[in-house]
Amino acid sequence: MSGVVAHYGRVRGVLDRITEALTSMGLDPATGIDPAVLAPVDEFHLGGHEATMAFTASLGIDTNSHILDVGCGLGGPAREMARTYGCHVLGIDLQPEFVYAAEGLSLMTGMEGDTSFEVGDVTVLDRSDRAFDAATMIHVGMNVPDKPGLFAAIASALRPGGRFGIYDIMRTAGTDAELGFPLPFATDESDSHLASSDDYVAALTGAGLSVVHVIERTDLVGQVIQRAADGPKTPLNLGLVMGSEFPTMFTNLRGAIKGGFVRPIEIVAEK
Ligand SMILES: C[S@@+](CC[C@H](N)C(=O)[O-])C[C@H]1O[C@@H](n2cnc3c(N)ncnc32)[C@H](O)[C@@H]1O
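All the letters of the sequence shown, read from the start, carry residue numbers 1 to 271 under the working numbering.
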């Protein structure tokens, strides 16, 4: 796990860097920031805000829901769920720097009452109290070798009928091409644990969950990337979070998608 912590811990002072970028845009973090403004930096996954919206729509979330977001990063998806559905979201992440930033960004956006964040390793998750109405995992499974173990722990945290949504980068079945590193989720192969959607489905089923749907999001992601390339540039970007190698990581990932070796895929399962 230490490799994963180091990979996501390349940059110190993430919250300060985001604050400086906001100030350079003429915004005043002290008087409140619209959470939508943060999307280019706090939605750390392919397809950003649009993918989060598409992904969470079928999780049955309402104003009374308590949601567990495993590997929450800077908390963008957590805030977006809380804002859209009026629910409460608990985010857990391995990287203390990200959890500190997540708390700061929730304060900045006035969403500290709707979201809470904890430092923790979800591979040793122990929340078997069935307290959650839904759980989400966005672009995290690529760092988790024991998916059956993680999915069993998440199933224990869900109430009966609760849904678990996964949106990850998955290996295309039948391809074992070597990928170029670094990737946005791993500095080298040692922290990359890509699996196919069939493997995910088998692990979910083994954990006692019923798969509701499997949806490939490659087209949505391609459209979002194209729109971002054509649109105005913003000082808020994932370079603030991952450092100067982020463009290389992103190029390597796009190459792997274009080559057909990996794909962004959403899976929803129910307890
Ligand atoms: C690509 S980021 C995605 C963050 C967030 N889900 C989002 O979409 O904006 C992956 C995150 O997973 C976290 N992560 C990876 N392995 C983890 C583990 N075992 N326990 C908790 N968090 C983990 C990383 O620290 C990182 O913040």
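The beta-carbon is built from N, C-alpha and C at its ideal position, and this holds for glycine as well. Just so it is clear, the structure is predicted and the values come from calculations on it, not from any experiment.
How about Val234 and Pro40: are their beta carbons less than 8 Å apart?
The residue you asked about is not Val; residue 234 is Thr in the sequence shown. Yes. Within cutoff.
Which residues in the same chain as Thr63 place their Cβ atom closer than 6 Å to its Cβ, once the five residues preceding and following it in sequence are excluded?
Cβ neighbours of Thr63 beyond the five flanking positions: Gly86.
In whole angstroms, give me the CA-to-CA distance for Glu50 and Thr123.
So the alpha carbons of these two residues sit roughly 28 Å apart.
When you compare the CB positions of His139 and Asp168, do they come within less than 8 Å of one another, or not?
It is a contact, given that the beta carbons lie within the stated cut-off.
Considering only residues of the same chain and omitting the five flanking positions on each side of Leu240, which have a CB-CB separation below 8 Å?
The answer, listed in chain order, is Val11, Val14, Arg17, Ile18, Ala21, Val41.
Would you check if the distance between the CB atom of Ile215 and the CB atom of Ala134 is smaller than 8 Å?
Not in contact: Ile215 and Ala134 (Cβ atoms no closer than 8 Å).
Where does the unbroken alpha helix (DSSP H) through Glu275 begin, and where does it stop?
Lying outside 1 to 271, the shown extent of the chain, residue 275 is not represented and no answer is given.
How far does the beta strand (DSSP E) with Arg79 in it extend, from its first residue to its last?
Not the beta strand (DSSP E): Arg79 falls in the alpha helix (DSSP H), residues 76-85.
For Val37, name the three-state secondary structure that DSSP assigns.
Val37: helix per DSSP, three-state reduction.
Rounded to the nearest angstrom, what separates Val211 and Gly162 at their Cα positions?
Each residue's alpha carbon lies about 12 Å from the other.
Keeping to the same chain, check which residues put their C-beta closer than 7 Å to that of Ser128; ignore five residues upstream and five downstream.
Once the five neighbours on either side are set aside, the close Cβ partners of Ser128 are Ser156, Ala157.
Cβ-heavy atom distance between Glu80 and ligand 1 below 7 Å?
Checking the Cβ of Glu80 against ligand 1 gives no.
Output needed for Gly47: all residues of its chain with C-beta closer than 7 Å, excluding positions within five of it in sequence on either side, in chain order.
Cβ within range, chain order: Arg217, Leu220, Val221, Val224, Pro264.
Using 7 Å as the cut-off, classify the Cβ of Ile138 as near or not near the heavy atoms of ligand 1, replying yes or no.
Yes, since a heavy atom of ligand 1 falls inside the 7 Å radius drawn around the Cβ of Ile138.
Per DSSP, Asp93 forms a beta bridge with which residues?
BP columns for Asp93 point to Val119.
Do Met242 and Pro184 have their C-beta atoms within less than 8 Å of each other?
It is a contact, given that the beta carbons lie within the stated cut-off.
What distance in whole Å lies between the Cβ atoms of Gly91 and Ala82, which are believed to be in contact at a cut-off of 8 Å?
10 Å between Cβ atoms; not a contact.
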